[in-house]
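Protein chains in written order, with our numbering: chain A, 16 to 89; chain B, -13 to 156.
Here a beta-carbon is modelled for each residue, glycine too, at the ideal position from N, C-alpha and C.
Okay, structure first, notes after.
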Amino acid sequence: MPTKLVVDCSTGIATEVELTEEEVAQLEADAKASADYQAELLAEQKQIAEAKASAVSKLSALGLTEDEINALIS
Amino acid sequence: MANTYTLIQTIPVTGATATSIEFSSIPQTYTDLIVMVSGRANDSALYASTKITFNSNATGYSGRYMQGDGATSSGQSFAQIVGFDPAATATASIFSNATIYIPSYAGSTNKTYTVDCVSENNASSGGTYQVISAGYWGNTAAITTVTLAMIFGGSYVQYSSASLYGVRSS
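In structure tokens:
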């Protein structure tokens, strides 16, 4: 069972306490949120990279040099 | 302007891990609180975001943070965030350094806090971040409990620690 560290500031006594079922459920929800967030972030980064590659390709087809393209997108 | 700083309690993580660090029964005799954190997480990542919770109440928060790694910077709305901690893939034995300032914690108005945090990595491959954050808790209750944990469910590893200070303005 996961634990948390609790110090009672009125007594100075520190204890290692097992998480309640509610806290464990929150921990699991947080972990799932993490996975969802990371997946969303990766998808967003992939979309941006693909859009950038497409833009470079189209600019190149219009006759712009690599230096000119870099000047536009950097 | 702060006149006195008093160490109330320090919590070191002496075991292998702890999912959270909690200060309870906080005395109501100070003007403001400061929480100093030196943390590292066991998440399978370069760094992990950390969060703060007051009085074990998970609702009513909003927040903004800005992060910079020396090359790029960005900002975002994110409730409860109080910085980053180096995590499992960061350089070994490096911990974060964060200061959380909570003014008027014992009053009957809604609460705010500010954070200044650095998550180090000591590597050219990145992973070092400066994080500045501002947060709000829409609750008029006096703060009696402060809990620190990973936002995404990891744990603090051994040798992490947090210290709670009371600040008096006079």
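Fully contained in the segment 41 to 87 of chain B are the following beta strand (DSSP E) runs of length 3 or more, in chain order: 47 to 54, 59 to 63, 67 to 72.
Residue 70/B sits close to residue 103/B, with the two beta carbons spaced by under 8 angstroms. Annotation for residue 54/A: the continuous alpha helix (DSSP H) segment containing it runs 36 to 76. Residue pairing by DSSP leaves residue 13/B without any beta bridge partner. Minimum Cα-Cα distance from residue 61/B among the listed residues 21/B, 119/B, 80/B corresponds to 119/B.
For residue 83/A, the uninterrupted alpha helix (DSSP H) run begins and ends at 81 to 88, by DSSP. In terms of Cβ geometry, residue 136/B and residue 27/B form a close pair [threshold 8 angstroms]. Residues 8, 9, 12, 19, 21, 38, 39, 40, 88, 150 of the same chain have their beta carbon placed closer than 8 angstroms to that of residue 132/B, with the five preceding and five following residues left out of the count.
Chain order gives the chain B residues near residue 49/A as 138, 139, where near means a beta carbon separation below 7 angstroms. Not a single CB atom of chain A sits nearer than 8 angstroms to the CB of residue 40/B. The Cβ atoms of residue 141/B and residue 33/B do not sit closer than 8 angstroms to each other. Shown in chain order are the members of the segment -5 to 23 of chain B whose Cβ falls below 7 angstroms from a Cβ of chain A: -5, -3, -1, 1, 4, 5, 6, 7, 8, 9, 10, 11, 12, 13. DSSP, read as helix, strand or coil, puts residue 26/B in coil. By the Cβ-count criterion, residue -9/B is exposed, with fewer than 16 other Cβ atoms from all chains shown falling within 10 Å of its own Cβ. Within its own chain, the residues whose Cβ lies closer than 8 angstroms to the Cβ of residue 42/B, once the five positions on either side in sequence are excluded, are 131, 133, listed in chain order. By alpha-carbon distance to residue 16/A, the top candidate from 5/B, -1/B, 16/B is 5/B.
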